[in-house]
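Numbering (our numbering), first residue to last: 1 to 373. We treat Cβ as the ideally placed atom computed from N, Cα and C, and that holds for glycine. Please read these numbers as outputs of a predicted model, since none were measured by experiment. In what follows, a single structure is set out as structure tokens and then discussed.
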Ligand SMILES: [Zn+2]
Ligand SMILES: [Zn+2]
């Protein structure tokens, strides 16, 4: 089947999002046609728009979609038309990691979510109305559109009353911050946690750390408003690096012992190096923020010997099918106030949302789509 829909297309590297009509070809057997009601914007969308990740353009981006199932492919069993869903990331479903319930480690993660711009079989879910190439399948969804063709493995069903305009970012940014703390860093009673970067990932990590027995939650950023919000969300200490040396500040806050668990959400090599140098013996440092491909940081090998670990984390090392529903419940209970991060924009304002995100004027833009019946 072929449908047309309004979608935000990026025509080339560095070009703006422009809303235009495109064609959708599906749903394929394992796909779900979703009427998108809200979609979060994440730094990865902007990185691809800028051409820093080699995703084929023109393309429809968007990977924090939320909406209502309109139709399902012949093999889809987990959702039905009318279900409300959140969209997260896709995976092959067949490799050892997927079979072990760890889809964020899928062997096909990078091509399936970020590089190919097409289905695993190479077919194109999207096209221009004239048949020209428009790449899609971004994170198995390409949800900056009124209708999206989502891989079933990307789709997580939520309750009929779930507030999609608030919960859309659960699929990537919130899952990444919360998952890294709960699945990977797992601070023990009284341990210190440092979160480098107070954007949507870092602030989600703060909310998660506040749910653990960590003794100290230190948040590092250069924007005073974000540090104030971090305190509201559970930070016990904040460091404004516009006026302080990060290494010295972390040493001072931990009495010279170092930090037990560090999460870097900045991807900035100098910040990463300072964070690694600040690790306590036995401590763990998590790489979460992604710098440009090919970025390296030096590591003092001898300094690692006292039980220090460095670990890379994709999407919070989460299985969205178990963690997203848990986060929906935490939000319902008031224990995960995601709404504090969200600023709403009409879909037509998508480039304005991107500009505001670039300028640091907004933490988590969520695009809202006008209801159509
Ligand atoms: Zn896999
Ligand atoms: Zn993302």
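Boundaries of the alpha helix (DSSP H) harbouring residue 328: 320-332, taken from the DSSP string. Cβ contact annotation for residue 314 (same chain, cutoff 7 Å, sequence separation greater than five): 104, 109, in chain order.
Runs of alpha helix (DSSP H) with 4 or more residues, each lying fully within the stretch 7-63, are found at 43-49, listed in chain order. If only complete runs of 4 or more residues are kept, the stretch 262-322 shows the alpha helix (DSSP H) at 269-277, 301-304, in order along the chain. Residue 141 is classed as buried because its beta carbon has at least 16 other beta carbons within 10 Å across all chains shown.
For residue 252, the uninterrupted alpha helix (DSSP H) segment begins and ends at 246-253. The Cβ-Cβ distance between residue 204 and residue 177 falls below 7 Å.
The straight-line gap separating the alpha-carbon atoms of residue 71 and residue 32 is approximately 6 Å. When DSSP reads this structure, residue 365 sits in a beta bridge with 343. In the three-state reduction of the DSSP assignment, residue 177 falls in the helix class, which pools H, G and I. As the crow flies, the alpha-carbon of residue 65 is around 7 Å from that of residue 171. In the DSSP assignment, residue 231 falls within the alpha helix (DSSP H) that extends over 224-233. One Cα belongs to residue 245, the other to residue 266, and the distance between them is close to 16 Å. Residue 89 is bridged by DSSP to nothing; it lacks a bridge partner. At least one heavy atom of ligand 2 is found less than 6 Å from the C-beta of residue 172. Annotation for residue 203: the continuous alpha helix (DSSP H) segment containing it runs 200-209.
For the pair residue 139 and residue 154, the Cα-to-Cα distance works out to about 8 Å. At a threshold of 6 Å, residue 266 does not count as near ligand 2, since its beta carbon sits no closer than that to any of the ligand's heavy atoms. Cβ-Cβ separation between residue 247 and residue 277: approximately 6 Å, consistent with a contact (criterion under 8 Å). Cβ contact annotation for residue 160 (same chain, cutoff 8 Å, sequence separation greater than five): 84, in chain order. Rounded to whole angstroms, residue 369 and residue 169 show a C-alpha spacing of 15 Å. In terms of Cα proximity to residue 5, the closest of 12, 23, 15, 18 is 23. At a threshold of 6 Å, residue 91 counts as near ligand 1, since its beta carbon sits closer than that to one of the ligand's heavy atoms. It is roughly 22 Å from the alpha-carbon of residue 359 to the alpha-carbon of residue 19.
For residue 42, the distance from the CB to the nearest heavy atom of ligand 1 is not below 6 Å.
Beta bridge pairing from DSSP links residue 137 with no other residue.
Linking residue 347 to residue 38 through their CA atoms gives a straight-line distance of about 9 Å. Residue 5 is bridged by DSSP to 22. In this structure, residue 339 sits away from residue 158, with a CB-CB distance that is not shorter than 7 Å. If you draw a straight line from the Cα of residue 343 to the Cα of residue 79, it is about 29 Å long. DSSP, reduced to helix, strand and coil, places residue 237 within a strand of the structure shown. Three or more Cβ pairs drawn from the stretch 221-240 and the stretch 196-203 lie within less than 8 Å of each other, which places the two stretches in contact. Per DSSP, residue 149 lies in no alpha helix (DSSP H) segment; the continuous beta strand (DSSP E) that holds it begins and ends at 147-151.
The residues 297, in chain order, have a CB closer than 7 Å to that of residue 273 in the same chain once the five nearest residues on each side in sequence are set aside.
For residue 70, the secondary structure class from DSSP, reduced to helix, strand or coil, is strand.
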